[in-house]
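Novice: Let me give you the structure first, and then I'll get to my questions.
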Amino acid sequence: MSSIYFVALPLLFGFATPLLKRFGKNGVAYASTAMQAALFLLALNLAATSSWAVEVISINPPLGISFILNGASLFFVLLFMLLMLLFSLYYLGLRKEEPFPDENKFFILLNMLLASSIGLVLSSDIFNIYVFFEIAGISAYILSAYRKTPKALEAGLKYLLTGMVASAFLLFGIALIYIHLGSLNLAVLSGSFHTLPFNMKLLIGLLLFVGFGFKVEIFPLNFWVTDVYEGADPLIDSLFSSIVVKAYLFVFFHILYLFMPASPFAPFLLLAGAVSMLAAEIIALKQTNLKRVFAYSSLGQVGLIFAVLSLESRMAVEAGFFIVFAHSVAKMAIFLSLTSVIHAHKSEEISTLKTLNSPMITVTFIFSMLSLLGIPLFAGFVGKFLALKSFASSGEFLVLGIVLFASLVESIYYFKIAGNLFGKGERGAKLRLAPSQKAVFSILILLLVAVGTMPWLYSGFLHNASAAMVDTATYANLLTGGLK
Amino acid sequence: MMIESLFDYFNQGYVIQSLVDTGSMILFFIGFFGLLTQRHIIKIFMSISVMEIAVFLFFIGNIFDVKFTAPILGDGHDAFVSMNDPIPHAMILTAIVIGMAVFALGVSFAIEYYKLTGKTNINDISEMGER
Amino acid sequence: MNFKRDIPSRTYSGFALSALFILTIFNILLESGVSKTQRAGDALLALSGKEGVANAVTSVVVYFRGFDTLGEIAVLFIAALGIGLMLHGDRRTEHEESNYILQKASKLLFPMIMLFGVYVMVYGHLSPGGGFQGGVIIASGILLLLISDGSFEVPHAVISVLETFAGISYVLIGLIGLLVLDKFLGNFLPNDVAQMGRLFSGGIIPLVYIVVGIKVGSEMSMIVQNLIQRSDDD
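Chain order of the listed sequences is A, B and C. Its first residue numbered 2, the first sequence is counted upward by one per residue in the working numbering. Its first residue numbered 840, the second sequence is counted upward by one per residue in the working numbering. Its first residue numbered 23, the third sequence is counted upward by one per residue in the working numbering.
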C-alpha cells in the first residue's frame, strides 16, 4: 500500500474529469466522494503500521524524489482525508439546492487542492515542495475567485499577487541552496546546512521566511488573509483554514527543524507568533462580518500554533498537533455552518444570527467556539493546556502572558456572537439541512467532544507523531542510506 | 593575442560570477522597485515577472562553468564528461512554465475585474476593508 | 513640450527601500566567493548515460525529476481551467479584417510551424527541445491562425479529448511503473545504451515527453483562444 496513491489518484481524477462528465451530471460528484472515501480507508490502514516508510519515485534518494511516511506526516494525511471526506459529504447535501456553477471544474480544483496538500506533507525534496506549493496556490486562487463577483475577484487578485511574490522569494532561496550546497534533498541538506557561513545562512533563512511566511500567515505578512476569506465563498474558507494552511505550517516547521535546529532565530519566531495572535484577536473585536471575524480568529489560532511549534521540543510539538486537530475540526464546523446560514439568510453580518432557527447549527457554533477557547471537555482544551505548559517549562513567561490575554480577548467576541445566537427576538423560518449535512455536523461535534473528554485514546498516536517530527536524525539516515 | 588574453580573463570563475550577480541583482532591483511603486495591476504583475526572471538568470549564471559545454551528446561529444550541470536547467524549465501559468491566470482575473468594475488602480481595488 | 512631471513621494521611498534591500543581498552574495561544491547534477549526468538518452536535460526533466514535471503540467492544466472559467462566454463578435499578406502567408506558414513543433517534440531526447518547447511552438501556430482569420475557432471537442487522454496517460505511465518496478514513474520500457541516438531509445522518456507536448500544446491553444476572447464554450 503505497503512499503515492494519495497524490496520484486525485491527480488522475482531476485529469479524467472531462471524461467522467459523460456519466450524467451526478457522476463526477459521487465518483469524487467515493474516491476520497477509499483514500481515507487507505490512510486508516496505513495508520495501523507505525514504522517509517519511504516511497521512491523514479530513482533512489538522495538523487531522486521520495515520499516519507512517518508518524507526523501520517497524522496530517489522516486529518486531511477525514476533513475532505466530510466536506464532500456536506457538499453532496448542498448541491441538491444550490450547486456551484460549472461544478465539474469545482471538483477538479478540489481534488488538486487535496493532492497538493498531501504532497506537501509527504515530500522530501525541496523543489518538489515548491511545485506542490504552486499547485495548491493556483487551485486556491481560482477557488477564491470562483463566484466572479467583484469581491471574489478582488480576493483572488490579492491572493494571487501575494502568492506570486512569495514564490519569487522562495525560488531565490532554493536557488541559493542549490548553488552552495549542491543538493535538493531535505535529508542531505539537513546534514550540510550548518556548514554555510553565517551571512549566507541568514540570507537563505530570510528568503525562505518571506517565501513561506506569506502562506503561513505570520504577523507582518498576513494582511491579505482576511480580505481573501471575506471575498471567497464560506465553503471555500473552510478548506483554506482547516486543510491548506495546516499543510503550509507543517512544511515550514519541518524545514526549520531539519535545517536550523536550536537556532538563534527561534525566539523571534516565538515572538512573531505571539504578536500575530494578539493583533488578530484585538482587531477581531470590531468586526461585524461573520466571515471576517472568523478569519481573524483563524489568524489568531495559527499564530498560537506557530508560537508553540517554534519551541522545538517534543512536548511543544505534541501540543501544537493537538491544537492543529482541534482548530481544523472546529473551523471546518464553523465555516460549513456559516455556509448554510449565509445561503439561507443571504446576509453576512453577525446580527443575522439573531434570526437563526436551527438547533443543530446553534449547537455546532457553540461547541466549536467553546473548543476554540479551550474550555475543558472540548478538544481545544488539551491543546491549549499543553501549549501553556510548554511555554511555562521553557521559561517564556512573556509569551504565556500574551497568549492568555489574547484568549481573554477572544472570549469577548465569542460571547458577543453567542449572545446573538441566544438573543430573544423573532426567529426566522426553520433552516432545513440535508441528511448528509446533519451527519457531517454530528460527526464534527462528536470529534470535538470525544477528543476533549477522552484524550488518552489519541495521545499515544500524537506522541508518536510529535516524536517523529523532532526526530531529524532518523530522517536524515533514512534517505541518505538509500532504501529500496 | 590581446583578444585571447581578454577571453582568458573573462573565463575566470570570479569574473563571470560577479558579472552575473551584478546583472541579475540590477534586474531584481528593477522588479522589486516596480512592485513597490506601481499602481496599475498589470504593471505589478510584470514587475513580479521581472523579479522571477532575475532569479532564473542568477541561478543559471552561477552554476555555469565556462569551460564546459551543454549537456547534450552529439557534434563530436560522445560521453557525458566535462558538461554543465543539467539540474538547474530542468528546475528553471519548470519554474518558467509555472510562472507563466500564474501570470496568465492573474491577467484573466484582472480582465474580468476590469469588465465588471472598470478599475485597474490597486488603490481603488478595495471593496472590502476594515469596518 | 514640458516633460517635467510630479514624481510622487512613494517613488523615492520605494527606490530607497529596494536599493537598500538589493545592496544588502548583493553584499552577501559577493562575500560568498566562487562555490565549487560537488553537486547532485554531476552524479545525475553520469547516470543519464545509463538511461540511453542523448539529452541529459531531457532525462532529468522527464525521468529523474519526472514528478516535478507532472506537477508542472497539473499547474498548466489548472491555469487553463481557471482562464476558461473566468473568460468564457464573452464572444467578441466584431473584429477587423486582417492584412492581406497576413492571411496568405499564414496559410503557407501554418503547416510548417506545426511540423516543426511536432519535430521538436518527438526529437526532444536527442537534441535540444522537448515537450514544452514543441507544445508552445504548436500553440504559436494556432495563434497565427487566430490572428489572421477572424472566424477560426479551435475545435473544442478535439482539444478536450486530446488533453484528457494526455493527462490520464501520464499518470497511468507512472502507476504502471509503480506496479511493475515498485517505483512510481520508473523506467519500465527497454532502454539499452546501445540505442542511444536513435528515435526509439530511452524507455518511457520519449513517450512521456510526447504526452507532455500534446497536453501543453492543447492547453496553450485554449489559453490563447480564451485571451483573444473568441471562445463560445469553455
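Note that CB positions come from ideal geometry on N, CA and C, so glycine has one too.
Could you give the distance in angstroms between the alpha-carbon of L479 of chain A and the alpha-carbon of N61 of chain A?
Specialist: Looking at the two C-alpha atoms, the distance is approximately 11 Å.
Novice: What distance in whole Å lies between the Cβ atoms of I100 of chain C and V9 of chain C, which are believed to be in contact at a cut-off of 8 Å?
Specialist: As shown, chain C starts at 23 and ends at 256. That puts residue 9 of chain C outside it, with no answer to give.
Novice: CB of V364 of chain A to nearest heavy atom of the ligand ZN: below 6 Å?
Specialist: With respect to small molecules bound, the structure shown includes none, and the ligand ZN cannot be examined in it.
Novice: Is I66 of chain A close to chain B, meaning its C-beta is less than 7 Å from at least one C-beta of that chain?
Specialist: So, not an interface residue.
Novice: Give me, in chain order, the residues of the same chain whose beta-carbon lies closer than 6 Å to that of V83 of chain C; leave out the 5 immediate sequence neighbours on both sides.
Specialist: So the qualifying residues of the chain are T91.
Novice: If you follow the beta strand (DSSP E) that L378 of chain A is in, where does it begin and where does it stop?
Specialist: Counting along the chain, L378 of chain A falls outside any beta strand (DSSP E), and DSSP gives it neither H nor E.
Novice: Going by C-alpha to C-alpha distance, which of A:L10, A:A48, A:G94, A:S329 sits closest to S74 of chain A?
Specialist: For S74 of chain A, the nearest C-alpha among the options comes from A:A48.
Novice: Quick one, which residues of the region 893 to 914 of chain B are near chain A if we go by CB-CB under 7 Å, in chain order?
Specialist: Going along the region 893 to 914 of chain B in chain order, one finds V894, F897, F898, N901, I902 with a Cβ nearer than 7 Å to chain A.
Novice: How is the alpha helix (DSSP H) around E53 of chain C delimited, first residue to last?
Specialist: E53 of chain C -> alpha helix (DSSP H) spans 31 to 53.
Novice: Just reading off the beta strand (DSSP E) that E56 of chain A is part of, what are its end residues?
Specialist: Run containing E56 of chain A: 54 to 58, per the beta strand (DSSP E) assignment.
Novice: May I ask you to report which of helix, strand or coil DSSP gives H110 of chain C?
Specialist: H110 of chain C: coil per DSSP, three-state reduction.
Novice: Are F323 of chain A and V383 of chain A close, meaning C-beta to C-beta below 7 Å?
Specialist: Taking 7 Å as the Cβ cut-off, F323 of chain A and V383 of chain A qualify as a contacting pair.
Novice: Helix, strand or coil for G183 of chain A per DSSP?
Specialist: Reduced to three states, the DSSP call for G183 of chain A is coil.
Novice: Run the CB neighbour count on P925 of chain B, radius 10 Å, all protein chains shown included, and call it buried at 16 or more, exposed below.
Specialist: Buried, because 16 or more other Cβ atoms sit within 10 Å of the Cβ of P925 of chain B.
Novice: L484 of chain A by DSSP, collapsed to three states: which one?
Specialist: Low confidence applies here, because L484 of chain A scores a pLDDT of 43, under 50, leaving its location unreliable; read the following figure in that light. If DSSP states are grouped into helix, strand and coil, L484 of chain A belongs with coil.
Novice: For the candidate residues B:F907, B:A943, B:I961, whose alpha-carbon lies nearest to that of I250 of chain C?
Specialist: The shortest Cα separation from I250 of chain C among B:F907, B:A943, B:I961 belongs to B:A943.
Novice: Could you tell me the alpha carbon to alpha carbon distance between I5 of chain A and I136 of chain A, rounded to whole angstroms?
Specialist: Approximately 16 Å, taken between the alpha carbons.
Novice: Ignore the nearest five residues each way along the sequence and tell me which others in A17 of chain A's own chain have a CB closer than 6 Å to its CB.
Specialist: Counting only Cβ-Cβ distances below 6 Å, and skipping sequence neighbours, we find nothing.
Novice: For the region 82 to 109 of chain A, list the alpha helix (DSSP H) runs that are entirely contained and at least 4 residues long, ordered along the chain.
Specialist: Segments of the alpha helix (DSSP H) lying fully in the region 82 to 109 of chain A: there are none.
Novice: Using 7 Å as the limit for Cβ to Cβ distance, is L12 of chain A near chain C?
Specialist: Taking Cβ atoms only, chain C reaches closer than 7 Å to L12 of chain A, which makes this a yes.
Novice: Rounded to the nearest angstrom, what separates L64 of chain A and S191 of chain C at their Cα positions?
Specialist: The alpha-carbon atoms of L64 of chain A and S191 of chain C are separated by roughly 25 Å.
Novice: Residues in the region 112 to 133 of chain A with C-beta within 9 Å of chain B's C-beta atoms, listed in sequence order?
Specialist: Within the region 112 to 133 of chain A, the residues whose Cβ lies closer than 9 Å to some Cβ of chain B are F128, Y131, V132, listed in chain order.
Novice: Rounded to whole angstroms, what is the Cα-Cα separation between R315 of chain A and H346 of chain A?
Specialist: Approximately 46 Å between the Cα atoms of the pair.
Novice: V859 of chain B touches chain A at which residues, Cβ-Cβ below 9 Å?
Specialist: Per Cβ cutoff of 9 Å: no residues; V859 of chain B is ~11 Å from chain A at best.
Novice: May I ask you to list, following chain order, the residues of the region 125 to 156 of chain C that have a beta carbon less than 8 Å from some beta carbon of chain B?
Specialist: Result list: L148, S149, P150, F154.
Novice: Return the Cβ separation of G28 of chain A and S437 of chain A in integer angstroms, given the expectation that the two are a contact with Cβ distance under 8 Å.
Specialist: About 17 Å; that fails the 8 Å criterion.
Novice: Go ahead and label M242 of chain C buried or exposed: buried means 16 or more other beta carbons lie within 10 angstroms of its beta carbon, across all protein chains shown.
Specialist: Counting Cβ neighbours within 10 Å, M242 of chain C comes out buried, since at least 16 surround it.
Novice: Is there at least one Cβ from chain C nearer than 7 Å to V303 of chain A's Cβ?
Specialist: Closer than 7 Å: no.
Novice: Between A:E313, A:A296, A:V452, A:W225, which lies nearest to F253 of chain A when the distance is taken from Cα to Cα?
Specialist: When each option's Cα is compared against that of F253 of chain A, the closest is A:E313.
Novice: Determine the DSSP secondary structure at L21 of chain A, reduced to helix, strand or coil.
Specialist: In this structure, L21 of chain A counts as helix in the three-state DSSP scheme.
Novice: Suppose you measure from the CA of H916 of chain B to the CA of G219 of chain C; what does that come to, to the nearest Å?
Specialist: If I take the Cα positions, the gap works out to 12 Å.
Novice: Helix, strand or coil: how does DSSP classify D256 of chain C here?
Specialist: Confidence at D256 of chain C is low in this model, with a pLDDT of 41, below 50, so its placement is unreliable and the value that follows should be read with caution. DSSP places D256 of chain C in coil when its eight states are reduced to three.
Novice: When the Cα atoms are used, what is the spatial distance from I205 of chain A to G63 of chain C?
Specialist: So the alpha carbons of these two residues sit roughly 21 Å apart.
Novice: At which residues does the beta strand (DSSP E) containing F68 of chain A begin and terminate?
Specialist: Run containing F68 of chain A: 66 to 70, per the beta strand (DSSP E) assignment.
Novice: Report the option in A:R433, A:V166, A:F295, A:I343 whose CA atom is closest to the CA atom of D938 of chain B.
Specialist: It should be pointed out that residue 938 of chain B corresponds to Gly in this sequence rather than to Asp. For the residues A:R433, A:V166, A:F295, A:I343, the minimum Cα distance to G938 of chain B belongs to A:V166.
Novice: Looking at the unbroken alpha helix (DSSP H) that takes in P927 of chain B, where does it start and where does it end?
Specialist: Segment 926 to 956, the alpha helix (DSSP H) holding P927 of chain B.
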